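Visitor: To start, I am sharing the structure in question, which I have written as structure tokens.
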Amino acid sequence: MPSLAAPGFDLDLTLRSGQFFRFRPDGDGFLLVDSGRVLRLRPQGDRIEYRGGTAAHVRRLLGLDADHGAALAALRRDPLLAAVLPRYAGMRIMTQDPWVCLVSFVCSSMSNMKRIQGNVEGIARAFGPALEDGIHDFPGPAALPAGALAPIRLGWRERFVAGLFARVDPARLHALAARPFEEARAALMELPGVGPKVAECVMAFSLGFGEACPVDVWIRRVGRRLWFRNRRVPDRRIADRFRATFGRHAALAQQIWFQAVRDGVPVGQAPR
DNA sequence: CGTAGACCTGAGGT
DNA sequence: TACCTCAGGTCTA
């Protein structure tokens, strides 16, 4: 089985951090689906063994191309993040297919990981081409027959997802990666069901915008406590503060805090 | 411009 | 069992 170098990378942590939903445990590793490939990954010391795709694909998907040393150095400049960093230094920002990412996070509003994962898998199973037995690729956008999404049980997100399937041009979506931050963000927010939070998720987790910072309820809490004396402030100010502090590593900082607070790690306690 | 409600559904707790 | 609450927001008034 081929393998690639991944020093200090925590596959389990990264996959379970809610950036990407098309994975499941598989033996002592994981099975992932991305961009028409079924990838089987297994951590093996400081390497990742892989099957089903190219090293370049795996490295890109898992975020292993980034200069992680530089990122960690940037994160350590903030003492509060530095305090929790030892536990989360193995986190990476993934770069998945933008179209799948977009649909996934539109499905994510007021939902939970388990249900989001079920919704995404359901769409793939119902409409995507089979890759292997029982494993389907995610379908590309195409107008779906009215009511086709009903069995997926998306609730009130259904009309948004239907709108995406009818309207999105994947090539144009992909091309946003080369546009300036504000332009890409504004373009995404014109899509149905896409507000600031989802837009920055797509930018961070699929378009390579390291300065993106999705502000959800958890990050809102963290941000207020860390920098605004627990006062109510607009989400935009929180995201801007992440960017001012961590620059192009804001997305990684955000993802680490997100995981940390969900793990119950106390926030804002300076290291003693 | 900032602020309430509404919006489907299913999992988890009592 | 039959409720009750809540979950990675967005849209509209």
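Going by the working numbering, the first sequence opens with residue 14, and the numbers climb by one from there.
Here a beta-carbon is modelled for each residue, glycine too, at the ideal position from N, C-alpha and C.
Given the structure is predicted, the values throughout are model-derived calculations rather than measurements.
1. With G42 as the anchor, note down where its beta strand (DSSP E) starts and where it stops.
2. So what does Y63 bridge to, in DSSP terms?
3. When the Cα atoms are used, what is the spatial distance from H70 to R242?
4. With 16 other CB atoms within 10 Å as the buried threshold, where does D110 fall?
5. With C-beta atoms as the reference, is F33 less than 9 Å away from L45?
6. Let's test the definition: count the other Cβ atoms within 10 Å of the Cβ of Q57 and tell me whether it reaches 16, buried, or not, exposed.
7. My output table needs one value for D39: the three-state DSSP class, helix, strand or coil.
8. Using C-beta distances below 7 Å, list every residue in its chain close to G66, excluding the 5 sequence neighbours before and after it, in chain order.
9. According to DSSP, is A283 helix, strand or coil?
10. Along the chain, which unbroken stretches of the beta strand (DSSP E) at least 3 residues long are found entirely within the stretch 126 to 178?
11. Alpha carbons only, please: which of R55, F194, G208, V246 is nearest the one belonging to R233?
12. Need the endpoints of the alpha helix (DSSP H) that S122 sits in, please.
13. With distances taken Cα to Cα, identify the nearest neighbour of A217 among W231, A266, R170.
Guide: Checking against the coordinates, here is how it stands:
1. Position 29 of the first sequence, counted from the first residue, corresponds to residue 42. Run containing G42: 42 to 47, per the beta strand (DSSP E) assignment.
2. One-based indexing of the first sequence puts residue 63 at position 50. DSSP, once it has assigned bridges, lists L54 as partnering Y63.
3. Within the first sequence, the letter at position 57 stands for residue 70. Within the first sequence, the letter at position 229 stands for residue 242. Roughly 43 Å between the two C-alpha positions.
4. Working through the first sequence from its first residue, we reach residue 110 at position 97. By the Cβ-count criterion, D110 is buried, with 16 or more other Cβ atoms from all chains shown falling within 10 Å of its own Cβ.
5. In the first sequence, the residue the question calls residue 33 occupies position 20. In the first sequence, the residue the question calls residue 45 occupies position 32. It is a contact, given that the beta carbons lie within the stated cut-off.
6. Within the first sequence, residue 57 is the residue found at index 44, counting from 1. Of the other Cβ atoms in all chains shown, fewer than 16 fall within 10 Å of the Cβ of Q57; this residue is therefore exposed.
7. Start at 1 with the first residue of the first sequence, and residue 39 comes out as number 26. Strand at D39.
8. Locating residue 66 in the first sequence gives position 53, counting from the first residue. Closer than 7 Å at Cβ, skipping near neighbours: R50, L52.
9. As a position in the first sequence, residue 283 is number 270, starting the count at 1. Here the model assigns A283 a pLDDT of 47, short of 50, so the residue's position is not dependable, and the following value carries that caveat. In the structure shown, the three-state DSSP call for A283 is coil.
10. If we require 3 residues or more, the beta strand (DSSP E) runs fully inside the stretch 126 to 178 come out as 143 to 145.
11. The sequence position of residue 233 within the first sequence is 220, counting from 1. The shortest Cα separation from R233 among R55, F194, G208, V246 belongs to V246.
12. The count along the first sequence starts at 1 and reaches residue 122 at position 109. Per DSSP, S122 belongs to no alpha helix (DSSP H) and is neither H nor E.
13. Mapped onto the first sequence, residue 217 falls at position 204. Minimum Cα distance to A217 is reached at A266.
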